[in-house]
Amino acid sequence: MDRRLFLKGLMGSGALGVMPLAAHAGMPGGGPRDAGPVVIVVQADLPQASVLARSIAASLDAAGLSSIQLSARSDRLGSYAGVAAILERAGQARLIGVMDDASALIFQQIAAARGAGWLMQTHHRIGGGELRHCCSVAGMESSLLWADAPQRVARLYAQAVGRGRRVPASAELAAADATALVGGGPASLVSFAINT
Amino acid sequence: MSSQRKALPKGVAAGDFDKAIKEIRGILGDEYVLIEEERLAPYNKIMMPVPDAQHAPSAAIMPDGVEQIRKVMKVANKYRIPVYPVSTGKNLGYGSAAPVQRGQIVMDLRRMNRILEVDAELCTALVEPGVTYQQLYDYLQEHKLPLWFSCPAPSAIAGPVGNMVDRGVGYTPYGEHFLFSCGMEVVLADGEVLRTGMGAMENSNTWQVFKWGYGPTLDGMFTQSNYGIVTKMGMWLMPAPPDFRPFCIQYPNETDITKIVEALRPLRIAMVIPNAVVIAHTLWEAPCTPVKRADYFTGPGAIPDEAVKKIQADHDIGAWNVYAGLYGTKETNDANWKIIEAVAAGTGGKIITQEASRGSKAMEYRFDLMKGKPNLGEFGLYNWRGGGGSIWFAPVSQAKGSETLKQMKMAKDILGKYGFDYVGEFIVGWRDMHHVIDLLYDRSDETQTKNAYACYDELLHTFAKEGYGMYRANTAFAEKVAATYGPVKRDVEKRLKKALDPNNIIAPGRCGISL
Numbered sequence: 002m003d004r005r006l007f008l009k010g011l012m013g014s015g016a017l018g019v020m021p022l023a024a025h026a027g028m029p030g031g032g033p034r035d036a037g038p039v040v041i042v043v044q045a046d047l048p049q050a051s052v053l054a055r056s057i058a059a060s061l062d063a064a065g066l067s068s069i070q071l072s073a074r075s076d077r078l079g080s081y082a083g084v085a086a087i088l089e090r091a092g093q094a095r096l097i098g099v100m101d102d103a104s105a106l107i108f109q110q111i112a113a114a115r116g117a118g119w120l121m122q123t124h125h126r127i128g129g130g131e132l133r134h135c136c137s138v139a140g141m142e143s144s145l146l147w148a149d150a151p152q153r154v155a156r157l158y159a160q161a162v163g164r165g166r167r168v169p170a171s172a173e174l175a176a177a178d179a180t181a182l183v184g185g186g187p188a189s190l191v192s193f194a195i196n197t
Numbered sequence: 079m080s081s082q083r084k085a086l087p088k089g090v091a092a093g094d095f096d097k098a099i100k101e102i103r104g105i106l107g108d109e110y111v112l113i114e115e116e117r118l119a120p121y122n123k124i125m126m127p128v129p130d131a132q133h134a135p136s137a138a139i140m141p142d143g144v145e146q147i148r149k150v151m152k153v154a155n156k157y158r159i160p161v162y163p164v165s166t167g168k169n170l171g172y173g174s175a176a177p178v179q180r181g182q183i184v185m186d187l188r189r190m191n192r193i194l195e196v197d198a199e200l201c202t203a204l205v206e207p208g209v210t211y212q213q214l215y216d217y218l219q220e221h222k223l224p225l226w227f228s229c230p231a232p233s234a235i236a237g238p239v240g241n242m243v244d245r246g247v248g249y250t251p252y253g254e255h256f257l258f259s260c261g262m263e264v265v266l267a268d269g270e271v272l273r274t275g276m277g278a279m280e281n282s283n284t285w286q287v288f289k290w291g292y293g294p295t296l297d298g299m300f301t302q303s304n305y306g307i308v309t310k311m312g313m314w315l316m317p318a319p320p321d322f323r324p325f326c327i328q329y330p331n332e333t334d335i336t337k338i339v340e341a342l343r344p345l346r347i348a349m350v351i352p353n354a355v356v357i358a359h360t361l362w363e364a365p366c367t368p369v370k371r372a373d374y375f376t377g378p379g380a381i382p383d384e385a386v387k388k389i390q391a392d393h394d395i396g397a398w399n400v401y402a403g404l405y406g407t408k409e410t411n412d413a414n415w416k417i418i419e420a421v422a423a424g425t426g427g428k429i430i431t432q433e434a435s436r437g438s439k440a441m442e443y444r445f446d447l448m449k450g451k452p453n454l455g456e457f458g459l460y461n462w463r464g465g466g467g468s469i470w471f472a473p474v475s476q477a478k479g480s481e482t483l484k485q486m487k488m489a490k491d492i493l494g495k496y497g498f499d500y501v502g503e504f505i506v507g508w509r510d511m512h513h514v515i516d517l518l519y520d521r522s523d524e525t526q527t528k529n530a531y532a533c534y535d536e537l538l539h540t541f542a543k544e545g546y547g548m549y550r551a552n553t554a555f556a557e558k559v560a561a562t563y564g565p566v567k568r569d570v571e572k573r574l575k576k577a578l579d580p581n582n583i584i585a586p587g588r589c590g591i592s593l
């Protein structure tokens, strides 16, 4: 993926409609993945994950993409059987996960072993006055770092799974949610998008 | 698709690469030759402190059997294209499925996932490289076979062939995994198929029961190397004991490691304790309990000792936590239990039995591993610091208390210098110990990533100066680790490579071996 284009999209300036994640439009995985709702898997016992997942769902909605949310506690996300069951239920779908580092690693490894494609992953360092995101995208050889409000993350995911679909700027994270995310205790969080 | 934007193998022209891919598609079918970014990305997910690009594959291919691999080898030789075989590719802290050098084609053997034979009388199995421990466990359960195997910590998603070939360890009496392998099938670079040991004889039925065959024993050559592609492996299974009694002994001080090792070594050598004993530090236990680092320390640098002490007190975790088990009949275990109690009392340790451990996640996953029940409990380590950075630093030491204390202090000092925590454990073999340290860092933080690389480098060279070598290493440091073993060994390895793989097409650079 072209880094310059991705950066342009990432930094906004009204150019999000031409996000380079549109490059994913050429990727395999039509049929059910395009037709069905996006599955958002969120770690239930991690409050920041719920906040971010809600924001992503709002962005998907604003982009005209339906989504369903599956909540699972960390013990389920930390077991082979638990993750396998979630993937079975998701079927062939565009899936976004929001969870802690260990769960995200386990989830993506099990999904990869079942042939899932990988679109992007963002590591979030949030709370305690810190707000930092580090995003890796399939085909981009280096990660991108930025530190600002988390709503941009939500819009990126909407564009990633929406194959470059335009996301209206109105799909912002509610101010209260942003405060909840940034003002809580320090936490490390991972979000990712895959095609199962 | 054109290969213009691909990470091509070193020295291979784009046109030749495209031709090779076309020919491999003809062998495997389009579905099993991956070059799309989305499909390749999972093979490039690494936890090492180097850029992803350094280990980016050019393609991934998924053969379904020996004949397909032989044909692919012909293509690889023809175009001089290196392939990097992986079984399940879950060797996370050691490099995962990413090739050792940029541009190599990952040969993903996951489709070769057949459990070919389980002999319940002889307690043996013959499996392909794509078989996972979870799959083997499910098979044994489904067939109601009272057999156990030894597995490493990420066992539910990892597999026995890959782990044995990398000389990994587990936690049952069969914990030194390669020691309990018996017979390999290997596809060589020229497409020849070698069966080691008794497997070389036609119609032999002793391939999985007698390791040596006649003449030189070749199996070891195909571990931690790139001389062939292991396509089948025999392994010994352990009869489930009538009585299994796992336990933990907790010790309050870091310096207790000396007396712990001195007390346990005789029991281990005499096989009173038959399994691979683990001596885990507080900070290995804490993330798996789980304890959040941020609840105790948010400042820069390594977590201070006072905070570690507070974690111990708050969560009933020892400075060292010894995990072992008794495997036998009730009568033998009753007798040996008295020895364990006496050792704990004499060394100031607190015994925690399985019954008393209820509710502890850290103990639950350890006790499960000691009976070969796969789980993913140890992944809790990755929440300790967050950010997805992890490299295993794994020097070997003698099983002597003074040695272990020396290694622990050396490691802790160097880690602290770079701002990292000592997250370590010792796994007791019979006379050695694998000292495994998880260098956890935030890979999304550029400074931490640079420091992690420099830290591993200093650990490696400082330990090597003291005569301590690695038992295993991540792919980013393969060359440097190999160099610590001296020039003569490396020269012999190179000569073997030249003889067996003159075109250097199987994983060049793996374990530092290349032409």
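Going down the list, the protein sequences come from chains V and F.
Just so we're aligned: 167 in my numbering is position 166 of the first sequence, and the numbers increase by one with no gaps anywhere.
Just so we're aligned: 286 in my numbering is position 208 of the second sequence, and the numbers increase by one with no gaps anywhere.
C-beta: ideal position from N, C-alpha, C; glycine also.
Since the structure is predicted, the reported quantities are computational estimates derived from the model, not experimental observations.
What residue 119 of chain V touches in chain F, judged by beta-carbon distance under 7 Å, is 116, 119, 120, going in chain order. Around the CB of residue 317 of chain F, fewer than 16 other CB atoms lie within 10 Å, so the residue is classed as exposed. Within the segment 166-191 of chain F, the complete beta strand (DSSP E) segments of 3 residues or longer fall at 183-186, listed in chain order. Taking each of F:444, F:511, F:461, F:88 in turn and checking the Cα distance to residue 453 of chain F, the smallest one comes out for F:444. Excluding five sequence positions before and after residue 287 of chain F, the CB atoms of its chain that fall closer than 7 Å to its own CB belong to 200, 202, 260, given in chain order. In this structure residue 109 of chain V is buried. Its beta-carbon is surrounded by 16 or more other beta-carbon atoms within 10 angstroms.
Residue state for residue 432 of chain F is assigned as coil, using DSSP reduced to three classes.
A residue is called buried when at least 16 other Cβ atoms come within 10 angstroms of its Cβ; residue 96 of chain V meets this threshold and is buried. For residue 192 of chain V, none of the residues of chain F pass the 7 Å Cβ criterion, the least Cβ distance being about 12 Å. Under the DSSP assignment, residue 195 of chain F falls in the beta strand (DSSP E) whose first and last residues are 193-197. Chain V has no Cβ within less than 9 Å of the Cβ of residue 182 of chain F. Per the Cβ contact rule, the segment 230-239 of chain F is in contact with the segment 202-221 of chain F (3 or more Cβ pairs under 8 Å). The C-beta of residue 456 of chain F has 16 or more other C-beta atoms within 10 Å across all chains shown, which makes the residue buried. Taking all protein chains in view, the Cβ of residue 311 of chain F is crowded by 16 or more other Cβ atoms within 10 Å, so the residue is classified as buried. Under the 10 Å beta carbon count, residue 290 of chain F is surrounded by fewer than 16 other beta carbons and is classified as exposed. Nearest C-alpha to residue 394 of chain F among F:505, F:530, F:329, F:144: F:329.
Pairing residue 476 of chain F with residue 126 of chain F, the inter-Cα distance amounts to about 28 Å. Its chain contains 488, 492 as the residues whose beta carbon lies nearer than 8 Å to that of residue 540 of chain F, once the 5 sequence neighbours on both sides are disregarded; these appear in chain order. For residue 235 of chain F, the nearest CB of chain V lies under 9 Å from its own CB, placing it at the interface with that chain.
The segment 285-315 of chain F contains, as complete beta strand (DSSP E) runs of 3+ residues, the segments 307-314 (chain order). For residue 410 of chain F and residue 257 of chain F, the gap between their C-alpha atoms comes out near 25 Å.
Only exposed fits residue 577 of chain F, as fewer than 16 other CB atoms lie within 10 angstroms of its CB. For residue 551 of chain F, the CB contacts under 6 Å within the same chain, skipping 5 residues up- and downstream, are 559 in chain order. For residue 334 of chain F, no alpha helix (DSSP H) segment is defined, and its DSSP state is neither H nor E. In this structure, DSSP gives residue 374 of chain F a state outside helix and strand, which the three-state scheme calls coil. In the three-state reduction of the DSSP assignment, residue 90 of chain F falls in the coil class. For residue 168 of chain F, the neighbours in chain V by C-beta distance under 9 Å run, in chain order, 110, 114.
In the assembly as shown, residue 549 of chain F is a buried residue. Its beta-carbon has 16 or more other beta-carbons within 10 Å. When C-alpha distances from residue 405 of chain F are compared across F:371, F:226, F:114, the shortest belongs to F:226. Using a 10 angstroms sphere on the CB of residue 292 of chain F, the tally of other CB atoms stays under 16, which defines it as exposed.
For residue 525 of chain F, the uninterrupted alpha helix (DSSP H) run begins and ends at 524-543, by DSSP.
Collapsing the DSSP output to three states places residue 393 of chain F in a helix.
The segment 401-462 of chain F contains, as complete beta strand (DSSP E) runs of 3+ residues, the segments 428-431 (chain order).
For residue 372 of chain F, the chain V residues whose Cβ falls inside 9 Å of its Cβ are 128, 129, 186, 187, 188, 189, in order along the chain. Residue environment for residue 436 of chain F: exposed (fewer than 16 other C-beta atoms within 10 angstroms of its C-beta). Straight across, the Cα-Cα distance linking residue 90 of chain F with residue 569 of chain F is about 26 Å.
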